[in-house]
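Engineer: Pasting in a structure now, in C-alpha cells, and then I'll have a few things to ask.
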Amino acid sequence: MATWTIANLERNLADGGVTVAHWRVTEVDGDFSASSYGTVGFTPDASASDFVAYDSLTEEVVMGWVWESVNQEETEAALTANIETQKNPVSADGMPW
Numbered sequence: 002m003a004t005w006t007i008a009n010l011e012r013n014l015a016d017g018g019v020t021v022a023h024w025r026v027t028e029v030d031g032d033f034s035a036s037s038y039g040t041v042g043f044t045p046d047a048s049a050s051d052f053v054a055y056d057s058l059t060e061e062v063v064m065g066w067v068w069e070s071v072n073q074e075e076t077e078a079a080l081t082a083n084i085e086t087q088k089n090p091v092s093a094d095g096m097p098w
C-alpha cells in the first residue's frame with residue numbers, strides 16, 4: 002500500500018496562495034521499499050470562488066490538487082514494479098574474481 006504525503010508547500014505571502022506543492026509517495030513490502038518525489042506548480046487566483054488560502058488548507062485538499070496533475074495509479078504501479086524487480090532481479094553487477 003502506497004503512502005502519499007505533502008513534504009512542503011511554497012506560497013505567496015501576500016494572499017496565502019500556494020504556488021508549489023512538494024509530494025512524496027512510498028511503498029513498502031516487507032524488507033523492500035520504493036519511493037518517488039515530485040513537485041506540482043500552481044497559479045493561485047485569490048479572487049476565484051474555489052480559492053483556498055494557506056491557513057485553511059489540509060493535506061487532503063492539497064493531495065487532491067496533486068492528483069489532478071500526477072497520475073496516482075501509474076505512479077503506484079511504477080513503485081510496485083520497482084519492488085518486484087528488487088525481489089526478483091534480472092541483472093547484477095560485480096566481478097567474477
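In terms of my numbering, the sequence shown opens at residue 2 and continues consecutively. Built from N, CA and C at the ideal position, the CB exists for glycine as well.
Just verifying my parser: in three-state terms, what is the DSSP assignment at A8?
Structural biologist: Residue 8 sits at position 7 when you count from the first residue of the sequence shown. Looking at A8 - three-state DSSP - the assignment turns out to be strand.
Engineer: Apart from the five residues on each side of it in sequence, which residues of its chain come closer than 7 Å, Cβ to Cβ, to K88?
Structural biologist: In the sequence shown, the residue the question calls residue 88 occupies position 87. If we look at K88 and ignore the five residues flanking it on each side, its Cβ neighbours are F33.
Engineer: Could you name each continuous beta strand (DSSP E) segment of 3 residues or more that falls completely within the segment 9-37, going from the start of the chain to the end?
Structural biologist: 19-30
Engineer: What residues match up with A54 in a beta bridge as DSSP calls it?
Structural biologist: Translated into positions along the sequence shown, residue 54 becomes position 53. DSSP lists no partner for A54.
Engineer: Name the one or two DSSP bridge partners that A3 has.
Structural biologist: Here residue 3 corresponds to residue number 2 of the sequence shown, with the count starting at 1. Note: A3 sits in a beta bridge opposite E28.
Engineer: Using the three-state DSSP reduction, which class does V1 fall into: helix, strand or coil?
Structural biologist: No answer is possible for residue 1: the residues shown for the chain start at 2 and end at 98.
Engineer: From which residue to which residue does the alpha helix (DSSP H) around E75 run?
Structural biologist: Here residue 75 is taken as the residue at index 74 of the sequence shown, counted from 1. E75 -> alpha helix (DSSP H) spans 73-88.
Engineer: Since S36 and V26 are thought to touch, with beta carbons under 8 Å apart, how far apart are those beta carbons, to the nearest angstrom?
Structural biologist: As a first step, residue 36 is located in the sequence shown; it is residue number 35 there, counting from the start. As a first step, residue 26 is located in the sequence shown; it is residue number 25 there, counting from the start. Between V26 and S36 the Cβ distance is about 6 Å, and since that is below 8 Å, they are a contact.
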